Structures are given as C-alpha cells and as structure tokens.
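I have placed the structure first, in the form of structure tokens, so that the comments after it can refer back to it.
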Amino acid sequence: MFAINPNASGDCYNPKTHSWNKSTDCCSWDGVHCNERTGQVIELDLYCSGVQGKFHTNSSLFQLSNLKWLDLSYNDFSESLISPKFVNISSTIPLNFSSYLTILQLPRTQLHGVLPVRVFHLSNLESLTLSSNSLTGPIPSNVSGLQNLHSLILSSNYLNGTVPSWIFSLPSLSWLDLSNNSFSGKIQEFKFKTLGVVSLKQNQLQGPIPKSLLDQQRLFYLILSQNNFSGHISSTVCNLKRLILLDLGSKNLNGTIPHCFGEMSGLMVLGLSNNRLTGTINTTFNTENLLLIINLYGNKLKGKVPASLINCTYLEFLDLGNNELNDTFPSWLGGLPYLKILSLRSNKLHGPINDSRTDNLFAKIRVIDLSSNGFSGKLPVSLFENFHAMKIIGENRGTREYVADPYSGSYANTLIVTTKGLVLEFPRVLTTSMIIDLSGNRFEGHIPSIIGDLVGLRALNLSHNGLKGVIPASLPQLSELESLDERSLTFLAVLNLSHNHLVGCIPKGKQFDTFENSSYQGNDGLRGLPLSKDCGGDDGVPQPTTPIELDDDEEEEGDLISWQAVLMGFGCGLVIGLSIIYIMLSTHYPVWFSRMVVKFEHEIDSIMKRY
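Count the sequence shown with the working numbering and you get residues 3 to 613, in order.
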C-alpha cells in the first residue's frame with residue numbers, strides 16, 4: 003500500500019506496520035480495527051508510523067469500501083499531488099470508497115496541491131483534519147449535507163478566499179480551526195450554538211466580531227488574533243461561562259476593556275494585545291480567578307496598574323507594555339508567587355524603585371522588562387537580591403521547559419527581541435531565558451555588584467541611563483551571558499551598558515571578550531578592549547560626569563533590547579489539558595472526539611518541542 007521510511011524519527015515515531023504479517027489475519031494488526039460480525043476493516047490508524055509514498059488509484063487502501071476511520075497523520079506523502087491523485091471529483095477512485103467514512107485525519111502529511119473538493123461531499127463525515135500541509139485554493143462554496151460534521155480543521159495551509167456560508171450553518175460543528183491561512187472578508191453569524199473551539203488567527207479577516215460567536219455557551223477556546231477585526235469588545239463575551247482561552251489580539255478593536263473580565267472564574271488566558279483599546283484597566287480581578295496569562299501589550303491604556311492583579315494568584319505571564327500607563331513601580335506584583343514574565347516597557351511609569359524589606363518579592367521572575375519609562379534613582383539592590391530564579395544556572399540542558407508549561411512543550415507564545423536592528427524570534431519563553439532590561443530610564447549611581455550573583459542571566463540591558471562608576475568585577479561571574487550563537491539561537495545573550503557615564507577598565511575574559519564596541523559606546527570614561535582606548539595607559543581615570551536626562555531621540559534609538567511576548571498559537575498545554583477534561587465531563591462528545599483531542603494535544607507538543 004505504502005512504504006515505510008526506515009530513517010523516520012521523531013517523538014511520535016511508532017511504525018505500526020512492523021507488526022503486520024501477511025500470514026496472520028489483518029484484523030489482528032496494530033492500527034487495524036475490523037467489524038466483529040463481518041470481519042471487514044472499518045478503521046485504519048497509521049498515525050506517525052513513518053509511512054511514505056504516493057496515493058495510487060489502484061492502492062489497496064481504496065478497496066476498503068467499509069472504512070469509517072482513516073488516520074494517516076504525521077506521515078510523508080510529499081510526492082502526492084492531492085488534487086488529481088486522491089479525492090478529486092473526477093478521480094477514478096471508486097465512488098463507493100469512503101461512503102461510510104466518518105473520520106479523515108491527514109494533518110502533517112506534506113500533501114500539496116489544490117484543496118480537494120470531494121472530501122466535502124462525504125455525507126457521513128464527522129471529523130475532517132487536513133492541517134499543516136501545503137494545500138492551496140479556496141474552500142468550495144457549493145457544499146451541503148454535512149449534518150454530522152463536528153470538527154473541521156484546515157489550519158496552517160495556503161488557503162484563501164472567503165469562508166463559505168455553509169460552514170456557519172453546520173448544525174453539529176464544535177471545533178473550527180481555519181488559522182494560519184489567507185482567508186479574507188467578514189465572518190458571518192453562526193446559526194447554531196454548538197461551538198467549543200474556534201480558531202481563526204493569522205488570516206486577513208475583517209469586520210466586527212459576530213454577535214452569535216459571543217453567544218456560544220459551550221465555547222472554551224476563542225482565538226481571533228492577527229486579523230483585522232474592528233469595533234468594540236462586547237461585554238456579552240463574559241457570559242461565556244466555560245471560556246478558558248480568549249485571544250482577541252487583532253489590529254483594530256477599540257473602546258474600553260469590559261469590566262467583567264475579572265469575574266470570569268474559568269478564564270486562564272486573556273489576550274487583547276495590539277489593538278486600539280483606550281481608557282483605564284478598570285477590570286477588578288476577583289480572588290477566584292484562574293488566570294495564568296494576561297497580555298494587554300500594544301494598546302492605548304492609561305491610568306494605573308490595577309491593584310486587583312494581586313488577586314491573580316496563579317499568574318505567570320503579565321505584559322502591559324507599550325501603553326500609556328502612568329504610575330510608580332508596582333512592587334506589590336512581586337507578591338504573585340508564580341510570576342515569571344513581567345513587561346511594563348514603553349509606558350509612563352516613573353519614580354524610584356525603592357528597596358523593599360519584604361523577602362521573596364519576584365522570587366520566580368525570569369524576564370523583567372521595565373525599559374523606556376521614567377524610572378529614576380539608584381538601581382534597586384533588594385530587587386536583584388530577590389531574583390532567586392536568576393541565581394541558578396539553567397538545569398536539565400538536555401530538555402527544554404517553558405514558562406507556564408507544566409506539561410513541557412505546549413506553551414505557544416513568542417518572545418521577540420530586537421538588538422542592534424537584528425530581530426530574533428523565540429517561539430516560546432524557555433525557563434532558562436532570563437532577561438533584565440532597565441534601559442531607557444533615568445537610573446543613576448553605580449551598577450550594584452549583586453548583579454554578579456544572577457549567574458543564570460542571559461541578557462542584561464542597562465543602556466541609556468545615567469549610571470556612573472566602574473563596571474563591577476562581579477559581572478564576569480555571569481558565565482551564561484555569552485556571545486550570541488546564531489547557529490542555535492537557543493538563548494539570548496546580550497550585554498548593553500551603552501550611553502551611561504561609566505568609567506574604568508572593561509573586565510577581561512570569558513564572555514566579555516566577545517562583546518562588541520556597541521555594548522559600551524557612549525561611556526567616555528571606559529577603557530580596554532573592545533574599545534580603542536588602552537586600559538594599560540597612564541591617562542588616569544576620567545572623573546564621573548553629572549548624570550543628564552535623556553532626550554526623546556535617545557530613548558527611541560534602535561539599540562534597546564525590545565521584546566514583546568505574544569500569546570496564542572494553539573494555547574498552552576495546561577489549558578489544553580484542563581479543557582479536554584472539562585469538555586469530556588461537561589458535554590457528551592463521541593469517542594472519536596476524545597481520541598482526536600488527545601492526538602491534537604500530542605501534535606502541539608511535538609511541534610513546540612522542535613524550537
């Protein structure tokens with residue numbers, strides 16, 4: 003039927019055909035399930051079996067006229083042009099093939115060509131997954147009769163055109179994923195209230211968010227980011243009591259943030275980034291919330307950091323960057339016991355960051371970005387002392403663990419770092435990616451030697467401040483602060499002390515020998531490599547100059563480390579795991595749905611582990 007690739011490998015590689023023996027009944031083979039009464043094959047599951055080859059019209063596969071379940075996911079059919087070979091309406095494949103087919107799973111099979119029409123005419127179909135291939139063209143518009151279709155997953159292809167009206171009229175649809183394509187136009191109103199998962203991210207969709215979409219009482223995943231949706235966010239979204247993940251990070255949503263978000267007791271992920279939201283963050287988060295991730299980056303929000311965030315006990319990821327918040331440093335956020343990522347960059351925050359006598363503030367923090375604000379005074383020694391997670395060099399280097407990812411490998415966010423004009427993109431935030439960015443403020447005084455204790459630090463940016471004195475001798479202890487290796491890009495390694503008033507000799511050895519002039523420029527009193535001023539001369543050490551305020555041009559220069567944590571690929575592993583349990587207990591989906599979700603979770607896990 004097909005060949006087995008002996009060189010296939012991967013986390014899920016499980017060649018079921020190794021157990022096949024022509025001398026035995028095929029119904030006993032791994033991956034084959036037969037009708038107990040007739041002995042006919044009704045299920046063929048070769049998921050991730052290292053299968054490769056072409057779809058030939060005379061293949062024994064197409065002789066399985068009673069087949070109900072076909073799963074060829076995670077195999078290699080890159081030689082197959084799906085349009086003429088597989089299920090084209092004009093194909094020579096017998097029409098009785100798949101007449102009973104209910105489950106068709108072909109994700110990540112390297113299929114290419116025009117999206118096949120005939121699959122949409124399989125009247126008994128309950129689940130269709132063709133995601134992560136290279137299929138092109140539009141979804142056919144003249145489709146009817148798919149009364150039993152529960153799941154339609156066409157994500158990560160090259161599909162285009164508008165989303166046809168028949169999709170919005172499917173009476174049983176519970177899972178719709180058209181993400182990562184090039185669909186355009188508006189989303190119509192859904193006629194039925196059966197949806198559990200809707201992901202339309204990364205298309206070219208526009209117009210308002212359909213009212214019917216916010217009236218889906220079974221909905222637990224709603225992902226609409228990276229489109230051009232416009233209008234206000236209706237407070238009716240808070241009526242979705244089962245909602246776990248909400249990603250409305252678009253471009254044109256405006257108005258204010260609904261106050262009721264803080265009352266959604268089941269919500270774990272709130273993503274409203276990169277919109278035009280205004281007003282204050284007037285949401286009051288109650289003590290019963292389960293929020294892990296809040297991303298409000300890139301809006302026009304004003305006022306103070308809401309004090310009720312202290313009630314988000316489980317919060318690991320908070321990004322309020324690139325807004326217009328006007329407040330002092332919210333040191334009380336350090337009381338959140340699981341907080342690992344904090345970005346307050348590019349706001350109007352001001353004043354000193356006072357030393358605190360409270361122990362263990364920000365004890366688990368791994369990324370803290372306070373850049374491009376108006377903070378002043380001395381660098382907060384006690385804050386650095388409390389960064390306990392940064393005092394440990396990353397363990398388990400053979401494995402990769404991610405922030406907000408207890409199931410290891412399913413947390414899909416992106417860390418984008420820009421330094422010296424080079425944009426580096428990390429698909430998720432590794433627990434070993436430890437970053438401090440205090441650049442573009444008005445800090446003064448000396449660099450505290452306590453920073454040398456943060457031996458797990460991968461990036462330190464103190465540029466564009468008014469710091470003076472020498473570079474502490476303790477900094478060379480930061481062995482993790484190595485030069486950037488573009489071959490692996492498994493971590494960020496940057497030191498930027500430019501545009502301060504530092505003096506004396508630049509430390510030698512280890513990673514300090516790899517940093518370029520740009521790490522130190524704008525400090526007239528610094529000497530030693532890589533600068534041209536010799537450290538061994540008799541010129542004496544220049545006197546410290548008086549700190550000056552940074553003008554607007556300096557604050558906006560392109561050599562600041564700029565990162566934005568953007569949530570929502572398919573979500574995070576914890577959310578997926580809980581949502582699977584939740585949906586199985588609270589709704590009575592068929593067995594196929596349970597099996598499909600488990601494989602979907604594994605697919606996400608495998609994809610993410612590749613980064």
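C-beta atoms are modelled at their ideal positions from N, C-alpha and C, and glycine is treated no differently. Just so you know, these numbers come straight off a predicted model, no measurement behind them.
Beta-carbon gap between residue i and residue j smaller than 8 Å
{"i": "Phe185", "j": "Asn159", "result": "no"}
{"i": "Tyr49", "j": "Ser25", "result": "no"}
{"i": "Gly305", "j": "Phe287", "result": "no"}
{"i": "Ser237", "j": "Cys262", "result": "yes"}
{"i": "Gly458", "j": "Met436", "result": "yes"}
{"i": "Leu292", "j": "Leu272", "result": "no"}
{"i": "Leu269", "j": "Thr282", "result": "no"}
{"i": "Pro173", "j": "Ser143", "result": "no"}
{"i": "Leu327", "j": "Lys350", "result": "yes"}
{"i": "Ile449", "j": "Pro474", "result": "yes"}
{"i": "Pro2", "j": "Val307", "result": "Since the first residue shown for the chain is 3 and the last is 613, residue 2 is missing from the structure and cannot be characterised."}
{"i": "Asp179", "j": "Ser133", "result": "yes"}
{"i": "Phe623", "j": "Ile343", "result": "Missing from the structure shown is residue 623; the chain here goes from 3 to 613 and no further."}
{"i": "Ile44", "j": "Asn68", "result": "yes"}
Backbone CA spacing between residue i and residue j [nearest angstrom]
{"i": "Asp321", "j": "Leu127", "result": "42 Å"}
{"i": "Arg359", "j": "His390", "result": "15 Å"}
{"i": "Ser146", "j": "Trp168", "result": "7 Å"}
{"i": "Arg612", "j": "Arg529", "result": "Its pLDDT being 36, under 50, Arg612 is placed unreliably in this model, and the coordinates cannot settle the point."}
{"i": "Glu318", "j": "Ile246", "result": "16 Å"}
{"i": "Leu531", "j": "Lys510", "result": "8 Å"}
{"i": "Gln42", "j": "Tyr102", "result": "12 Å"}
{"i": "Leu311", "j": "Leu335", "result": "8 Å"}
{"i": "Lys195", "j": "Val119", "result": "27 Å"}
{"i": "Ile394", "j": "Thr330", "result": "29 Å"}
{"i": "Ser93", "j": "Val121", "result": "Reliability fails at Ser93, whose pLDDT of 37 lies under 50, so the model's placement of it is uncertain and no value is given."}
{"i": "Lys171", "j": "Pro140", "result": "The question names Lys, but residue 171 is Ser in the sequence shown. The alpha-carbon atoms of Ser171 and Pro140 are separated by roughly 18 Å."}
{"i": "Lys18", "j": "Thr111", "result": "16 Å"}
{"i": "Arg347", "j": "Ser521", "result": "20 Å"}
{"i": "Val472", "j": "Ser451", "result": "10 Å"}
{"i": "Asp217", "j": "Trp177", "result": "15 Å"}
{"i": "Glu191", "j": "Ile211", "result": "9 Å"}
{"i": "Leu338", "j": "Phe364", "result": "7 Å"}
{"i": "Leu161", "j": "Ile367", "result": "41 Å"}
{"i": "Lys193", "j": "Asp27", "result": "47 Å"}
{"i": "Leu279", "j": "Ser232", "result": "11 Å"}
{"i": "Arg244", "j": "His35", "result": "35 Å"}
{"i": "Ser441", "j": "Asn362", "result": "24 Å"}
{"i": "Trp71", "j": "Gly33", "result": "11 Å"}
Own chain residues within Cβ distance below 7 Å of residue i, not counting five before or after
{"i": "His20", "result": "none"}
{"i": "Asn230", "result": "Gln206, Leu207, Gln208, Ser252, Lys253 and Asn254"}
{"i": "Trp22", "result": "Trp31"}
{"i": "Lys535", "result": "Arg529"}
{"i": "Gln479", "result": "Gly454 and Val457"}
{"i": "His590", "result": "Any answer about His590 is weak, because its pLDDT of 41 lies below 50 and its placement is not dependable; what the coordinates show is given next. Taken in chain order, the list of residues that qualify is empty."}
Cβ shell of residue i (< 6 Å), same chain only, five flanking positions each side left out
{"i": "Lys380", "result": "Gly447"}
{"i": "His501", "result": "Ser465, His466 and Gly524"}
{"i": "Thr131", "result": "Gln107, Pro109 and Ile155"}
{"i": "Leu298", "result": "Leu274 and Leu322"}
{"i": "Ser136", "result": "His114"}
{"i": "Met392", "result": "Met436, Leu456, Gly458 and Leu459"}
{"i": "Ile225", "result": "Ser201, Lys203, Asp249 and Met570"}
{"i": "Ser153", "result": "Ser129 and Trp177"}
{"i": "Asp73", "result": "Asp47, Tyr49 and Gln107"}
Any C-beta of chain E under 8 Å from that of residue i
{"i": "Ala309", "result": "The structure shown contains no chain E; it is built from a single protein chain."}
Counterpart residues of residue i in DSSP-defined beta bridges
{"i": "Thr36", "result": "In the sequence under discussion, the amino acid at residue 36 is Cys, which differs from the Thr named in the question. Val43, per the DSSP bridge assignment."}
{"i": "Lys188", "result": "Gln208"}
{"i": "Ala461", "result": "Ile437 and Val496"}
{"i": "Trp177", "result": "Ser153 and Val199"}
{"i": "Ile296", "result": "Leu272 and Leu320"}
{"i": "Trp168", "result": "According to DSSP, Trp168 bridges with nothing at all."}
{"i": "Leu311", "result": "BP columns for Leu311 are empty, so no partner."}
{"i": "Phe445", "result": "Gly379"}
{"i": "Gly527", "result": "Val505"}
Cβ-based neighbour list, residue i, same chain, cut-off 8 Å, excluding 5 preceding and 5 following
{"i": "Asn277", "result": "Leu250, Gly251, Ser252, Lys253, Asn254, Leu255, Asn256, Gly300 and Asn301"}
{"i": "Asn324", "result": "Tyr299, Gly300, Asn301, Arg347, Ser348, Asn349 and Gln566"}
{"i": "Asn183", "result": "Leu156, Ser157, Ser158, Asn159, Tyr160, Leu161, Asn162, Gln204 and Asn205"}
Rounded distance between the beta-carbons of residue j and residue i, thought under 8 Å
{"i": "Ile259", "j": "Thr285", "result": "6 Å"}
{"i": "Leu456", "j": "Phe517", "result": "In fact, because the Cβ distance is near 17 Å, the residues do not count as touching under 8 Å."}
{"i": "Leu242", "j": "Leu221", "result": "5 Å"}
{"i": "Asn463", "j": "Asn498", "result": "4 Å"}
{"i": "Asn519", "j": "Leu533", "result": "6 Å"}
{"i": "Leu2", "j": "Leu175", "result": "Residue 2 lies beyond the stretch modelled for the chain, which goes from 3 to 613, so this question has no answer here."}
{"i": "Val199", "j": "Tyr223", "result": "4 Å"}
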